[in-house]
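*Asks:* Residue numbers (full-length UniProt numbering): 1 to 458.
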DNA sequence: AAAAAAT
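And the structure:
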């Protein structure tokens, strides 16, 4: 079997790999590193969890180890679709370049330009960026891409989904024609094919997994759930989620809970916390530092449940997730594959459970078609019963919460309770509550108008 | 009853 030591990496890189505890490369690493080291273009078709990041960072560091960075002219460039993914590549780079003197800058949105500018000015070997922020720097004239010797495009299919392809094309055109390109995508959509034909030259193609395959080590299941009453669906779904989590008990060491909408992510996280579960939300509306902190907390175990939008479905390196809960059925079938791919990685066991409500059934059918197998149905661990009568005035106390506040307030003021009903001074609120319709000011003149302006001003 | 990314 191939070892990292056989791939021709720089000894300093090899030492760092060894320190990180790796000995045997994954298929994508074994396939991509040797051609990358001799300067060839690489087209890697691989999903997350295959060791993709190291398959370009290791050869890049080796290639850059000779030579020095020049001001405002980075020698290499890595493009990633999301901020988190870019940050993660940067972390990877730190780990494997620790024995070298290579410098890097992370250019992502949501953080200030100032520090990024300072780094670029000093000169960096590696620039890791999201496309928008990179072009922003370029347009401000702070950055020259003519010194780029190696360019990496990570998760190209996701860039396509997010509408980044024009940006990517533009960035390609800003870099020298002679650069080496390492290009990674989970799928080869026609548009991706076109880009690779245009910008890669005679690439070594390495394919390690088909996009629509789900790992054999993931145990999948779905609860076909119909709420006891339509207006109770949201609440019952949250109850059901907790019941599913409880049923897993200790086996659920940590989990990602995927929702389709950002508002839902917030609601579910809040609800879990309210019920004593250690949960946090992550989605694109939260500011960058918050997102980073949450992710760190989830990685180090101080957060057990990560409620996430699809910002976390792909790419993010979150090791050792025991469970994935699809609180909502994803509306794009491929997203299902990406979401559940967060568990059962590197041959480990994982469980992926989904809640499917009647509205989701069409999307669910598309998922079963894509993964080409039947997802086992799970019995709901809880039963919900609808109240016998639809909501009426004589309904149970549970309905009382739903009454508008004003109505409740009125009702409580009916009760002959406090001293004020015994002829004492009425509170300001009650003074205006009589049944007579009020037109204009009627006969009543508010007290403040009878005071002189002088005393009012005082 | 749509997420993400530049401001």
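Each residue gets a CB set at the ideal place from its N, CA and C atoms; glycine is no exception. Every value quoted in this text rests on a predicted model; they were computed, and no experiment measured them.
#1: Which of the three DSSP states, helix, strand or coil, is assigned to residue 86?
#2: With H, G and I counted as helix, E and B as strand and the rest as coil, what does DSSP make of residue 9?
#3: Which runs of the beta strand (DSSP E) spanning at least 3 residues fall entirely within the stretch 40-84, listed in chain order?
#4: Going by DSSP, what residue range makes up the alpha helix (DSSP H) through residue 292?
#5: Curious, which full-length alpha helix (DSSP H) runs of at least 4 residues does the UniProt domain "Helicase C-terminal" (244-388) contain?
#6: Give the secondary structure of residue 104 by DSSP, where H, G and I count as helix, E and B as strand, and everything else as coil.
#7: Could you pull the start and end residues of the beta strand (DSSP E) that residue 143 belongs to?
#8: Are the Cβ atoms of residue 245 and residue 44 separated by less than 8 Å?
#9: Only counting the same chain, and skipping five residues up and downstream in sequence, which positions put a Cβ closer than 6 Å to that of residue 297?
#10: Please tell me whether residue 78 and residue 128 are closer than 8 Å, where the distance is taken between their beta carbons.
#11: Would you please state the rounded distance, in angstroms, between the beta carbons of residue 122 and residue 71? I believe it to be under 8 Å.
#12: Going by the beta-carbon positions, is the gap between residue 228 and residue 386 smaller than 8 Å?
#13: Do residue 326 and residue 384 have their C-beta atoms closer together than 8 Å?
#14: Determine the direct distance from the alpha carbon of residue 115 to that of residue 131, and round the result to whole angstroms.
#15: Using a threshold of 8 Å, state whether the C-beta atoms of residue 74 and residue 147 are closer than that.
#16: Going by C-alpha to C-alpha distance, which of 111, 98, 144 and 89 sits closest to residue 290?
#17: Please look up how many angstroms separate the CB atoms of residue 280 and residue 306, rounded, as I've assumed it's under 8 Å.
#18: Below 8 Å between beta carbons: does that hold for residue 159 and residue 171?
#19: Please give the ranges of any alpha helix (DSSP H) in the stretch 145-228, keeping only runs that are unbroken, at least 4 residues long and fully inside the region.
#20: Hey, how far is the Cα of residue 5 from the Cα of residue 273?
#21: If I'm right that residue 153 touches residue 183 with Cβ under 8 Å, what's the distance once you round it to whole angstroms?
#22: Quick one: residues in its chain with C-beta nearer than 6 Å to the C-beta of residue 145, no 5 flanking neighbours on either side, listed in chain order?
#23: Can you give me the C-alpha to C-alpha distance between residue 271 and residue 186, rounded to a whole angstrom?
#24: Tell me the rounded alpha-carbon separation between residue 230 and residue 108.
#25: Which residues in the same chain as residue 336 place their Cβ atom closer than 6 Å to its Cβ, once the five residues preceding and following it in sequence are excluded?
#26: Tell me whether the stretch 93-106 and the stretch 4-18 touch, counting them as touching only if at least three CB pairs, one residue from each stretch, are closer than 8 Å.
#27: By the DSSP assignment, the beta strand (DSSP E) with residue 120 in it spans what residues?
#28: Taking the alpha-carbon positions, what's the residue 347 to residue 255 distance?
#29: Counting C-beta neighbours from all protein chains within 10 Å, is the total for residue 350 16 or more, i.e. buried, or is it exposed?
#30: Smallest Cα separation from residue 311: which of 92, 28 and 161?
#31: Straight-line CA distance for residue 461 to residue 191?
#32: Rounded to whole angstroms, what is the Cα-Cα separation between residue 299 and residue 253?
#33: If we ignore side chains and look at the alpha-carbon of each, how far apart do residue 220 and residue 265 end up?
#34: Whose C-alpha, out of 80, 96 and 189, is nearest the C-alpha of residue 106?
#35: Residues in the same chain with beta-carbon distance under 8 Å from residue 353, minus the five sequence neighbours each way, listed in chain order, please.
#36: If I'm right that residue 35 touches residue 7 with Cβ under 8 Å, what's the distance once you round it to whole angstroms?
*Replies:* Answer, in terms of the structure:
#1: The answer is helix: DSSP assigns residue 86 an H, G or I state.
#2: Correct three-state label for residue 9: coil.
#3: Along the stretch 40-84, the beta strand (DSSP E) occurs as fully enclosed runs of 3 or more residues at 42-45 and 76-79, listed in sequence order.
#4: 288-300 is the extent of the alpha helix (DSSP H) around residue 292.
#5: Along the length of the UniProt domain "Helicase C-terminal" (244-388), whole alpha helix (DSSP H) runs at least 4 residues long occupy 262-274, 288-300, 333-340 and 361-371, reported in chain order.
#6: In this structure, DSSP gives residue 104 an extended state, which the three-state scheme calls strand.
#7: Secondary structure note for residue 143: it is in no beta strand (DSSP E), with a DSSP letter that is neither H nor E.
#8: Result no, Cβ atoms of residue 245 and residue 44 do not sit closer than 8 Å.
#9: The residues are 303.
#10: For residue 78 and residue 128, yes; Cβs fall inside 8 Å.
#11: Correct: roughly 7 Å between the Cβ atoms.
#12: Contact flag set, yes.
#13: No, Cβ-Cβ distance for residue 326 and residue 384 is not below 8 Å.
#14: So the alpha carbons of these two residues sit roughly 18 Å apart.
#15: Taking 8 Å as the cut-off, the Cβ atoms of residue 74 and residue 147 count as close.
#16: For residue 290, the closest alpha carbon among the candidates 111, 98, 144 and 89 is that of 111.
#17: Residue 280 to residue 306, Cβ: 6 Å. Contact.
#18: When the beta-carbon positions are compared, residue 159 and residue 171 stay at least 8 Å from each other.
#19: Runs of the alpha helix (DSSP H) inside the stretch 145-228: 156-161, 165-174 and 190-199.
#20: Roughly 47 Å between the two C-alpha positions.
#21: Right, their Cβ atoms sit about 5 Å apart.
#22: Closer than 6 Å at Cβ, skipping near neighbours: 174 and 175.
#23: Those two C-alpha atoms are separated by around 34 Å.
#24: C-alpha separation (whole angstroms): 42 Å.
#25: Counting only Cβ-Cβ distances below 6 Å, and skipping sequence neighbours, we find 330 and 367.
#26: The stretch 93-106 makes contact with the stretch 4-18; the number of CB pairs closer than 8 Å reaches 3 or more.
#27: Residue range 113-122 is occupied by the alpha helix (DSSP H) that includes residue 120, with no beta strand (DSSP E) assigned at that position.
#28: Distance between the alpha carbons of residue 347 and residue 255: 17 Å.
#29: Residue 350 comes out buried.
#30: Considering only alpha carbons, the answer is 161.
#31: The first residue shown for the chain is 1 and the last is 458, placing residue 461 beyond what the model contains.
#32: When rounded, the separation of the alpha-carbon atoms in residue 299 and residue 253 is 12 Å.
#33: C-alpha separation (whole angstroms): 22 Å.
#34: Distances from the CA of residue 106 to each of 80, 96 and 189 were compared; the closest alpha carbon is that of 80.
#35: The beta carbon of residue 353 is closer than 8 Å to those of 220, 221, 222, 223, 244, 323, 324, 325, 326 and 378 in its chain, skipping five residues each way along the sequence.
#36: Taking the Cβ atoms as the reference, residue 35 lies roughly 11 Å from residue 7, outside the contact range of under 8 Å.
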